[in-house]
Amino acid sequence: MVKKFFERFYIGIILLFLYAPIFILIILSFNRSKSRAKWGGFTLHWYRELFQNRDIMNALYTTLLIAFLSALIATIIGTTAALAMNSMKKTPRTILMGITNIPMLNADIVTGISLMLIFVALRFSLGFTSVLIAHITFNIPYVILSVMPKLRQLNPHTYEAALDLGASPAVAFFKVILPDIFSGVISGFFLAFTMSLDDFVITHFTKGPEINTLSTKIYTEVRKGIKPEMYALSTLLFVTVLLLLIIINRKSAMKKAPVTKI
1 MVKKFFERFY
11 IGIILLFLYA
21 PIFILIILSF
31 NRSKSRAKWG
41 GFTLHWYREL
51 FQNRDIMNAL
61 YTTLLIAFLS
71 ALIATIIGTT
81 AALAMNSMKK
91 TPRTILMGIT
101 NIPMLNADIV
111 TGISLMLIFV
121 ALRFSLGFTS
131 VLIAHITFNI
141 PYVILSVMPK
151 LRQLNPHTYE
161 AALDLGASPA
171 VAFFKVILPD
181 IFSGVISGFF
191 LAFTMSLDDF
201 VITHFTKGPE
211 INTLSTKIYT
221 EVRKGIKPEM
231 YALSTLLFVT
241 VLLLLIIINR
251 KSAMKKAPVT
261 KI
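So for the sequence shown, my numbering puts the first residue at 1; every next one is plus one.
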């Protein structure tokens, strides 16, 4: 009993330190007063101010567009790469998997500076396209990591059987392979989308002065002084990600739930 009490107490302390600042931020987003030490009453004023701020709305649009495009392109490239690697022999596949894992283990600041130096060396202007290419680059390994386990669970004979029955390689892939690995592909897409939304360091080094994402815009605004609109923006981001996680987890739980026969 004592051991269980301390285990629960320990977990409770961890959760408190993790989520207490977020809940305080949410409460402050509804505070009428600009002071963080004084409660001035409930209000939605800061949310209205947020949606009327054209710079933040442009940054939100840019962030969502880059996240969607980079996740989509990285998913296509990463899935194709995973298929190619899965068909290789063990030694070259292991080497390529190790090379693929390096960007995920590497510090973001190293990746950001490296990509910036490449763009400068190629005389490639920094802007929307450079940020999109950078996000695709660091998202591809996460897609491969999500798709590879599904490919290893496949029965290779089903693909060969489809070919023997007259299906072309493309039809066999879309009818046999893709449905079996689709959950891994979707997981890779959402992981890439989330990583792109969350990124700051790589975006900071590869963006031009005329473009801002939410992370870089928040950083710029915080340097001038924390405004209540930033509390409202952070609250909306937290709630959106939380809802997405709940929906994805519920779908996964429904798929794993056993079907009862009558």
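Quick reminder that beta carbons are idealized off the backbone N, C-alpha and C, glycines included.
This one's a predicted model, so the numbers in the text were calculated from it and none came from an experiment.
Exposure of L145, with buried meaning 16 or more beta-carbon neighbours within 10 Å = buried
Can you list, in chain order, the residues of its chain whose CB lies under 8 Å from that of M328, leaving out five sequence neighbours each side?
-> This structure leaves residue 328 out entirely; the chain is present only between 1 and 262.
Residue from L214, N53, L28 and I140 with nearest C-alpha to L60 | L214
In angstroms, rounded to a whole number, what distance separates the CA positions of M97 and I76?
-> 18 Å
Measuring alpha carbon to alpha carbon, tell me which of I226, L233 and S234 ends up nearest K34.
-> I226
Going by other Cβ atoms of all chains shown within 10 Å of its Cβ, with 16 needed for buried, is H157 buried or exposed?
-> H157 is exposed by the Cβ-count criterion.
How do the segment 187-202 and the segment 16-33 stand: do at least 3 beta-carbon pairs fall below 8 Å, yes or no?
-> The segment 187-202 vs the segment 16-33: no contact.
Status (buried if at least 16 other CB within 10 Å, exposed otherwise) for P179 = exposed
Can you check whether the CB of W46 is closer than 8 Å to the CB of E229?
-> yes
Three-way DSSP call (helix, strand, coil) for F42 in this model = In the structure shown, F42 sits in a strand (DSSP, three-state: E or B).
Can you check the segment 74-106 for any beta strand (DSSP E) of at least 3 residues that lies completely inside it and give the ranges in chain order?
-> none
Cα-Cα separation between K89 and S187, rounded to whole angstroms = 26 Å
Beta carbon of V171 nearer than 8 Å to that of I66 = no
Excluding sequence positions up to five away, which residues of its chain have a Cβ less than 8 Å from the Cβ of R152?
-> N86
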